[in-house]
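Below is one structure; the comments refer to it alone.
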C-alpha cells in the first residue's frame with residue numbers, strides 16, 4: 021500500500037457512538053472535493069464512487085480500502101496537491117461514507133425505518149436534460165440524463181473488478197436482484213425484457229431495496245458455500261465484523 025493512502029487510512033474521521041452518517045453539508049462537501057482539478061483525470065465522479073463503494077460493501081468479499089481507493093482514483097496514489105489538506109479531507113469523507121453504507125445496509129429489512137434506509141448519493145441533473153430511464157425517441161435513441169445513472173455504473177464497475185460476483189450473475193434466477201441497477205445504468209432496453217421494470221414502479225425505492233436483497237443473497241451464499249471450519253478464517257464474536265459495518269461480529273453477520 022502506498023504511503024499516502026496508508027496515512028489517510030490511519031487518520032479517519034473520529035467515529036461517533038451511536039453512528040452518525042454524513043450530514044447533507046458533508047455530502048455537498050464530498051461532491052465539491054471530487055471536482056478538484058488537481059485530482060487525476062481518471063477519478064470517478066462522486067456519484068460513481070458511491071456506487072462503487074456500495075458494491076464493495078454488499079458484495080461477495082470484503083474489499084480492502086486501499087483497493088477501492090485505487091479504483092476510484094484510477095491510480096495507486098494521488099498527485100502532490102497545492103492543498104493536501106483538501107485531499108486528506110476527501111479521503112476522510114470517503115472512509116466515513118464507506119462506514120455509512122456498511123451500517124445502513126446491515127439493517128434487516130424488517131427493522132428498516134426511513135431514517136435508517138440506505139439511499140445512494142446522487143447529483144442533480146440539469147432540468148434541460150433531465151429525463152427518466154424510459155424516455156427514448158421513435159428511433160430508440162436517448163437524449164438526456166437521469167439521476168443515479170453514474171451511481172449504477174459505479175456499482176457495475178465494482179462487479180466487473182471482482183470476479184466473485186459471477187456467483188450471482190451466472191444464474192438467470194438472480195437477474196431480478198440486479199434489474200434496478202441495470203435499468204439505472206443503461207436505461208430502458210426493449211431488447212432485454214428480463215431486465216426491465218414496470219414504468220409505473222417507484223424506481224428509487226426499488227434501487228435501494230435491491231441493495232438489501234443483494235446483501236442478503238451474499239450473506240446466504242456465504243453460509244451455504246462456506247469452507248470447512250478448519251479452512252475458514254475464524255472471527256471472534258467480539259471482533260469487528262469483516263463486512264466493515266463497524267459493529268461487533270456477533271451483532272452483525274454473526275447474529
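Residue numbers (the numbering used here): 21 to 275. We treat Cβ as the ideally placed atom computed from N, Cα and C, and that holds for glycine.
Residue i versus the options, residue with shortest Cα-Cα distance
| i | options | result |
| --- | --- | --- |
| residue 113 | 213, 46 and 200 | 46 |
| residue 74 | 95, 140 and 208 | 140 |
| residue 144 | 166, 228, 152 and 131 | 166 |
| residue 228 | 152, 142, 178 and 219 | 142 |
| residue 245 | 202, 231, 209 and 184 | 184 |
| residue 70 | 111, 179, 174 and 96 | 174 |
| residue 219 | 230, 182 and 200 | 200 |
| residue 202 | 230, 41 and 87 | 230 |
| residue 170 | 217, 181, 182 and 153 | 153 |
| residue 133 | 225, 243 and 260 | 225 |
| residue 232 | 131, 90, 217 and 216 | 131 |
| residue 41 | 216, 116 and 205 | 116 |
| residue 58 | 98, 208 and 85 | 98 |
| residue 182 | 212, 84 and 207 | 84 |
Where residue i falls: helix, strand or coil (DSSP)
| i | result |
| --- | --- |
| residue 260 | strand |
| residue 191 | coil |
| residue 38 | coil |
| residue 250 | Because the pLDDT of residue 250 is 40, which lies under 50, any placement of that residue in the model is unreliable, and the number read from its coordinates should be weighed accordingly. Coil, per DSSP. |
Unbroken alpha helix (DSSP H) run spanning residue i, endpoints
| i | result |
| --- | --- |
| residue 116 | 104-125 |
| residue 224 | 223-244 |
| residue 219 | Unbroken run through residue 219: none, as it is neither H nor E. |
| residue 135 | No alpha helix (DSSP H) contains residue 135, which DSSP labels as neither H nor E. |
| residue 86 | 85-93 |
| residue 73 | 66-78 |
| residue 47 | 44-54 |
| residue 180 | 169-181 |
Beta-carbon contacts of residue i that lie in its chain and below 7 Å, excluding the five residues immediately before and after
| i | result |
| --- | --- |
| residue 136 | 124 and 127 |
| residue 121 | 73, 74, 77 and 138 |
| residue 177 | 72 |
| residue 106 | 53 and 56 |
| residue 68 | 170, 171, 173 and 174 |
Cβ-based neighbour list, residue i, same chain, cut-off 8 Å, excluding 5 preceding and 5 following
| i | result |
| --- | --- |
| residue 188 | 80, 194, 197, 198, 234, 237, 238 and 241 |
| residue 192 | 214 |
| residue 179 | 75, 79, 185 and 189 |
| residue 95 | 60 and 62 |
| residue 222 | none |
| residue 243 | none |
| residue 43 | none |
Neighbourhood of residue i by C-beta, 6 Å cutoff - its chain only, sequence neighbours within 5 removed
| i | result |
| --- | --- |
| residue 93 | 60 and 63 |
| residue 205 | 172, 173 and 176 |
| residue 87 | none |
| residue 129 | 232 |
| residue 168 | 140, 142 and 204 |
Any C-beta of chain D under 8 Å from that of residue i
| i | result |
| --- | --- |
| residue 83 | No chain D is part of this structure, which consists of one protein chain only. |
Discussion item. Quick test of the definition: if touching needs 3 or more C-beta pairs under 8 Å, does the segment 93-104 touch the segment 47-55?
Written reply: no
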